[in-house]
Amino acid sequence: MKIALIGYGKMGKEIEKIALERGHEIVSKIDISSPDSFEDDTFKSADVAIEFTVPEAAYSNYLNCFTHHIPVVSGTTGWLDKLDDIKQRCENNGQTFFYASNFSLGVNIFFELNQHLARIMNQMPDYDVSMEEVHHTQKLDAPSGTAITLAEGIIDNMERKTSWVKEIAQSQAELPIHSIREGMVPGIHTIKYDSPADEIIIHHSAKSRQGFALGAVLAAEFSHTRKGFLGMKDLLKF
Numbered sequence: 002m003k004i005a006l007i008g009y010g011k012m013g014k015e016i017e018k019i020a021l022e023r024g025h026e027i028v029s030k031i032d033i034s035s036p037d038s039f040e041d042d043t044f045k046s047a048d049v050a051i052e053f054t055v056p057e058a059a060y061s062n063y064l065n066c067f068t069h070h071i072p073v074v075s076g077t078t079g080w081l082d083k084l085d086d087i088k089q090r091c092e093n094n095g096q097t098f099f100y101a102s103n104f105s106l107g108v109n110i111f112f113e114l115n116q117h118l119a120r121i122m123n124q125m126p127d128y129d130v131s132m133e134e135v136h137h138t139q140k141l142d143a144p145s146g147t148a149i150t151l152a153e154g155i156i157d158n159m160e161r162k163t164s165w166v167k168e169i170a171q172s173q174a175e176l177p178i179h180s181i182r183e184g185m186v187p188g189i190h191t192i193k194y195d196s197p198a199d200e201i202i203i204h205h206s207a208k209s210r211q212g213f214a215l216g217a218v219l220a221a222e223f224s225h226t227r228k229g230f231l232g233m234k235d236l237l238k239f
């Protein structure tokens, strides 16, 4: 499979390493410091593009890929105000877009566990829920896309929570997310249910970028022969 990398930072380099190990070819690298462009023949030859950049550039990158009908796998977060437009382009124009706020297989298992626990705790009103996420200082958005996905999983399954907020809840209906940026932490997410009697904590800690990169390459393998808006639930068949 021919892969174009959009974004060639630490994550892009890890994706390149795993893609090559799995027998794929990197035909284009588009980055601030890279001379490749969306109009180069090498980019146009790609079977799929894997995009890990910044929120400000993501949507434009997607449209450039769609111009050449190249499927997109993206792990960039912080751009979701354009999500409905991307879904419509997939539905109406035959584009392919695979999005995940987190490509780690372990995190996606954690997503499922989080929703299941929220359904149980919906029946336990003495417990209040909060979340903490920790990432490296280069991560620009806060809360993380993963934390937002976890929060939405709780809200969808717990009647007494209707929205999430950054840092401090002003009402019992709000789910607070505390964000910490320090060091080179790949990603830690902790959800705590606290009651006067005890507390229940579920926790996921990434050890490196390797798990994210593997998931992105698996998503690219899955996407390049498919159409539509796709996600990890499609890939993992939860």
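Counting in the numbering used here, the sequence shown runs from 2 upward without gaps. Note that the Cβ used here is the ideal one computed from N, Cα and C, for glycine as well.
Quiz prompt | Same chain, Cβ closer than 6 Å to Phe-99, neighbours up to 5 away in sequence not counted | solution = The residue labelled residue 99 in the question sits at position 98 within the sequence shown. Same-chain partners within the cutoff: Val-74, Ala-220, Ser-224 and Leu-231.
Quiz item: Which partner residues does Thr-191 have in the DSSP bridge list?
Solution: Your numbering for residue 191 matches position 190 in the sequence shown. Paired residue(s): Glu-133 and His-204.
Quiz item: Do Val-186 and His-136 have their C-beta atoms within less than 8 Å of each other?
Solution: The residue given as residue 186 occupies position 185 in the sequence shown. The residue given as residue 136 occupies position 135 in the sequence shown. Taking C-beta atoms as the reference points, Val-186 and His-136 count as a pair closer than 8 Å.
Practice problem: For the stretch 10-23 and the stretch 77-96, state whether three or more C-beta atom pairs, one from each stretch, are separated by less than 8 Å. | Solution: Contact between the stretch 10-23 and the stretch 77-96 is absent, because fewer than three Cβ pairs lie under 8 Å.
Self-check item: Stretch pair the stretch 109-120 + the stretch 196-213: three plus CB contacts closer than 8 Å
Solution: Yes, the stretch 109-120 touches the stretch 196-213.
Quiz item: Which of the three DSSP states, helix, strand or coil, is assigned to Glu-168?
Solution: For the purposes of this step, residue 168 is identified with residue 167 of the sequence shown, where counting begins at 1. Residue state, collapsed to three classes: coil.
Quiz item: Out of curiosity, what's the CA-to-CA distance linking Ile-178 and Pro-144?
Solution: Locating residue 178 in the sequence shown gives position 177, where the first residue counts as 1. Locating residue 144 in the sequence shown gives position 143, where the first residue counts as 1. Going from the Cα of Ile-178 to the Cα of Pro-144 covers about 7 Å.
Practice problem: Going by CA-CA distance only, name the one from His-70, Ser-180, Gly-229 and Leu-64 that's closest to Glu-92. | Solution: On the sequence shown, residue 92 is found 91 positions in, with the first residue counted as 1. Shortest Cα-Cα distance from Glu-92 to any of His-70, Ser-180, Gly-229 and Leu-64 involves Gly-229.
Self-check item: Sequence-distant residues of its chain with Cβ nearer than 8 Å to Ser-102 (five each side left out)
Solution: Start at 1 with the first residue of the sequence shown, and residue 102 comes out as number 101. Around Ser-102: Gly-76, Thr-78, Ser-145, Gly-146, Thr-147, Ile-149 and Thr-150.
Exercise. In the DSSP assignment, find the beta strand (DSSP E) that holds Pro-177 and state where it starts and stops.
Key: Translated into positions along the sequence shown, residue 177 becomes position 176. That run of the beta strand (DSSP E) goes 175-182.
Quiz item: Can you tell me the Cα-Cα spacing of Ala-59 and Pro-197, whole angstroms?
Solution: As a first step, residue 59 must be located in the sequence shown, where it is residue number 58. As a first step, residue 197 must be located in the sequence shown, where it is residue number 196. Taking the straight line joining both Cα atoms gives about 44 Å.
Quiz item: Whose C-alpha, out of Lys-193, Val-130, Ser-209 and Gly-184, is nearest the C-alpha of Ala-174?
Solution: One-based indexing of the sequence shown puts residue 174 at position 173. The residue from Lys-193, Val-130, Ser-209 and Gly-184 with its alpha-carbon nearest to that of Ala-174 is Val-130.
Quiz item: Going along the chain, which residues of its own chain have a beta-carbon closer than 6 Å to the beta-carbon of Ile-189, five neighbours each way excluded?
Solution: In the sequence shown, counting from the first residue as 1, residue 189 sits at position 188. The answer, listed in chain order, is Val-135 and Ser-206.
Self-check item: Beta carbon of Leu-106 nearer than 8 Å to that of Gly-8
Solution: Residue numbering aside, residue 106 sits at position 105 when the sequence shown is read from its first letter. Residue numbering aside, residue 8 sits at position 7 when the sequence shown is read from its first letter. Taking 8 Å as the Cβ cut-off, Leu-106 and Gly-8 do not qualify as a contacting pair.
Quiz prompt | Assigned exposure category for Ser-172 - 16 Cβ within 10 Å defines buried | solution = Counting from one through the sequence shown, the residue named residue 172 turns up at place 171. Ser-172 sits exposed, since fewer than 16 C-beta atoms from the chains shown fall within 10 Å of its C-beta.
Quiz prompt | Between the CA atoms of Asn-94 and Lys-45 - distance to the nearest angstrom | solution = Taking the first residue of the sequence shown as position 1, residue 45 is located at position 44. Taking the first residue of the sequence shown as position 1, residue 94 is located at position 93. In this structure, the CA atom of Lys-45 is about 18 Å from the CA atom of Asn-94.
Quiz item: What are the start and end residues of each continuous alpha helix (DSSP H) run of 4 or more residues lying completely inside the stretch 12-86, in chain order?
Solution: The stretch 12-86 contains these whole alpha helix (DSSP H) runs: 42-45 and 56-68.
Quiz item: Residue ranges of each alpha helix (DSSP H) run of no fewer than 4 residues wholly in the stretch 95-166, ordered along the chain?
Solution: If we require 4 residues or more, the alpha helix (DSSP H) runs fully inside the stretch 95-166 come out as 106-122 and 146-156.
Quiz item: If you count every other CB in all the chains shown that lies within 10 Å of the CB of Arg-227, and 16 or more means buried, which is it?
Solution: Translated into the one-based positions of the sequence shown, residue 227 becomes position 226. So Arg-227 counts as exposed.
Self-check item: Environment of Gln-96 [buried if 16+ CB atoms lie within 10 Å]
Solution: As a position in the sequence shown, residue 96 is number 95, starting the count at 1. Buried, by the Cβ-count rule.
Quiz item: Cβ of Met-159 within 8 Å of Cβ of Met-122?
Solution: Position 158 of the sequence shown, counted from the first residue, corresponds to residue 159. Position 121 of the sequence shown, counted from the first residue, corresponds to residue 122. Yes, they are a contact pair.
Quiz item: Are the beta-carbon atoms belonging to Ile-169 and Lys-162 less than 8 Å from one another?
Solution: What you label residue 169 is simply residue 168 of the sequence shown in a count that begins at 1. What you label residue 162 is simply residue 161 of the sequence shown in a count that begins at 1. Result no, Cβ atoms of Ile-169 and Lys-162 do not sit closer than 8 Å.
Quiz prompt | Where the alpha helix (DSSP H) through Ala-198 begins and ends | solution = Along the sequence shown, read from residue 1 onward, the residue named residue 198 stands at position 197. For Ala-198, there is no enclosing alpha helix (DSSP H), as DSSP marks it with neither H nor E.
Quiz item: According to the Cβ coordinates, are Val-166 and Ala-20 closer than 8 Å?
Solution: Counting from 1 along the sequence shown, the entry for residue 166 is found at position 165. Counting from 1 along the sequence shown, the entry for residue 20 is found at position 19. One thing to note: Val-166 has its Cβ no nearer than 8 Å to the Cβ of Ala-20.
Exercise. Pull up the DSSP beta-bridge partners for Lys-3, would you.
Key: Your numbering for residue 3 matches position 2 in the sequence shown. Per DSSP, the beta bridge partners of Lys-3 are Glu-26.
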